[in-house]
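Student: Just passing along the structure, written as structure tokens.
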Amino acid sequence: MHYGYGKLILFGEHFVVYGLPGIASSIGLYTRCQLYPNDKGIKVRDRLTNKNIALGENKAEILDRTMRIILEETGLEEKNFRLEIDGDIPVFGGLGSSAALIVSIIRELNEHYQLGLDDGRINDIAFKAEHVFHGNPSGIDNTASTYRRLLWFEKNLSGGKNKIELLKLKKPLQVVIGNTKIIHDTAEAVAEVRKRKEKNPEKFDKIFSEARNLVLQAKNALEKGGLQKTGELVNKNQELLREIGVSSKELDLLCETSLENGALGAKLTGAGMGGCMFALCPDEKTREKVAQAIRKKRFDSYITLVGG
Ligand code: MEV
């Protein structure tokens, strides 16, 4: 049984698609995959709803194409096996459920067939497979899921290796994730931002340059353990995401609720337009308070540590 972990983008979603830096981490929510030899089929069960997603239903085609890429890349086209997969990452929620699914499959195949793939190769295959789900992803989701650490990410726009730097924190961050439960499509959100950028290049150039600056400052604040400063930058990042039009009234409400309950910063995470947000909290007690406040508003919340 092997695992692929969900991810949280702390800084830089959307901007990373254009080669700007981003900071992301894996989180505790996961997908796991078990291989049974000499059999056929693939079954994906959502542990949150307890429903199976099987070949022949909605997601069949996507799953099929994903598997084809993974098998081609690993040279396992001729093998017979059945995969049972389950997970607790909300799908279409901005927490990297597709990347986690893919990474869990590759890791299970790697172990079972003794392929000797290292993290770099696992990440490359996962990136290829992620294209099935997201059209033209930056690669930040599969990278955070593969490396299971807090990391700096910069997409190489010429197609070469992306820049990945593992980041060290003095203390893990106390984080609450709030889920609006409104599903979104990442590819659509990315396409929408592109359209707006083309329509309004000057406005977007200014926002993009602020976004680059902000991520550089965030790295510095994170590494120095400057929690207050990190929180301020999280809020500024949310402001930029609002300006490019990917926040929503539910995401704004959850950010406001978190700040009112003592969070140092709060922003959407992932593609936005629904999905999840996160709140950076100063301590465990505040984290619990924020998580409860979000639940009181009838949204879901999960607590997690980042950078631990
Ligand atoms: C999705 O988790 C993050 C986006 O920046 C898209 C991507 O980087 O591929 C919105």
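To convert a position in the sequence shown, counted from 1, into the numbering used here, add 39.
Virtual Cβ for every residue (Gly too), placed ideally from N, Cα, C.
List the endpoints of the continuous beta strand (DSSP E) containing A305.
Tutor: 304-308
Student: Could you tell me which of I333, N252, L261, E327 sits nearest to L290, measuring between CA atoms?
Tutor: I333
Student: On the criterion of 16 or more Cβ atoms from any shown chain inside 10 Å, does K336 qualify as buried, or is it exposed?
Tutor: A residue is called buried once 16 or more other Cβ atoms fall within 10 Å of its Cβ, and K336, having fewer, is exposed.
Student: To the nearest angstrom, how far is it from the Cα of A330 to the Cα of A228?
Tutor: 27 Å
Student: On a CA-only basis, which of E231, G284, L261, T219 is nearest L49? Give me that one, please.
Tutor: L261
Student: Taking all protein chains shown into account, decide if E96 is buried (16 or more other Cβ within 10 angstroms of its Cβ) or exposed.
Tutor: Because the pLDDT at E96 is just 47, under 50, the model does not fix this residue reliably, and the value given afterwards should be weighed accordingly. Classification for E96: exposed.
Student: State buried or exposed for D322, treating a residue as buried only when at least 16 other CB atoms are found within 10 Å of its CB.
Tutor: exposed
Student: Per DSSP, what kind of secondary structure is L59 in: helix, strand or coil?
Tutor: coil
Student: In terms of alpha-carbon separation, which member of S197, I221, G264, N149 lies closest to M40?
Tutor: The alpha carbon of M40 has as its nearest neighbour, out of S197, I221, G264, N149, the alpha carbon of N149.
Student: Tell me, to the nearest whole angstrom, how far the beta carbon of I179 is from that of I161; I am working on the premise that it is less than 8 Å.
Tutor: Going by Cβ atoms, the distance from I179 to I161 rounds to 15 Å, so no, they are not a contact pair.
Student: From A183 to L115, what distance separates their C-alpha atoms?
Tutor: Roughly 25 Å between the two C-alpha positions.
Student: Ends of the alpha helix (DSSP H) at G159?
Tutor: 158-173
Student: Let me check one thing: in DSSP terms, what residues is F192 bridge-paired to?
Tutor: G61, I203
Student: When the Cα atoms are used, what is the spatial distance from A93 to E299?
Tutor: Low confidence applies to A93: its pLDDT is 47, below 50, so where it sits in the model is not reliable enough to give any reading.
Student: Residues bridged to D339 by DSSP?
Tutor: N218
Student: Do K82 and L122 have their C-beta atoms closer together than 9 Å?
Tutor: yes
Student: Going by the C-beta, is A332 closer than 8 Å to any heavy atom of the ligand MEV?
Tutor: no
Student: Quick check on the DSSP output: the beta strand (DSSP E) that includes I48 runs from which residue to which?
Tutor: Note, I48: beta strand (DSSP E), 41-50.
Student: Run the CB neighbour count on Q277, radius 10 Å, all protein chains shown included, and call it buried at 16 or more, exposed below.
Tutor: buried
Student: Mind checking who C72 pairs with in its DSSP beta bridge?
Tutor: H41, I124
Student: What are the boundary residues of the beta strand (DSSP E) that includes F317?
Tutor: Annotation: the continuous beta strand (DSSP E) that includes F317 extends over 315-320.
Student: For my contact list, L206 and W191 are in at a C-beta cut-off of 8 Å; report their separation, rounded to the angstrom.
Tutor: 6 Å
Student: Cutting at 7 Å between CB atoms, please list the residues of its own chain near V232, excluding the five before and the five after it.
Tutor: H53, I283, V285
Student: Measure the C-alpha to C-alpha separation of V345 and K209 and round it to an integer number of angstroms.
Tutor: 12 Å
Student: Okay, do the region 300-307 and the region 244-264 touch, 3+ Cβ pairs below 8 Å being the bar?
Tutor: no
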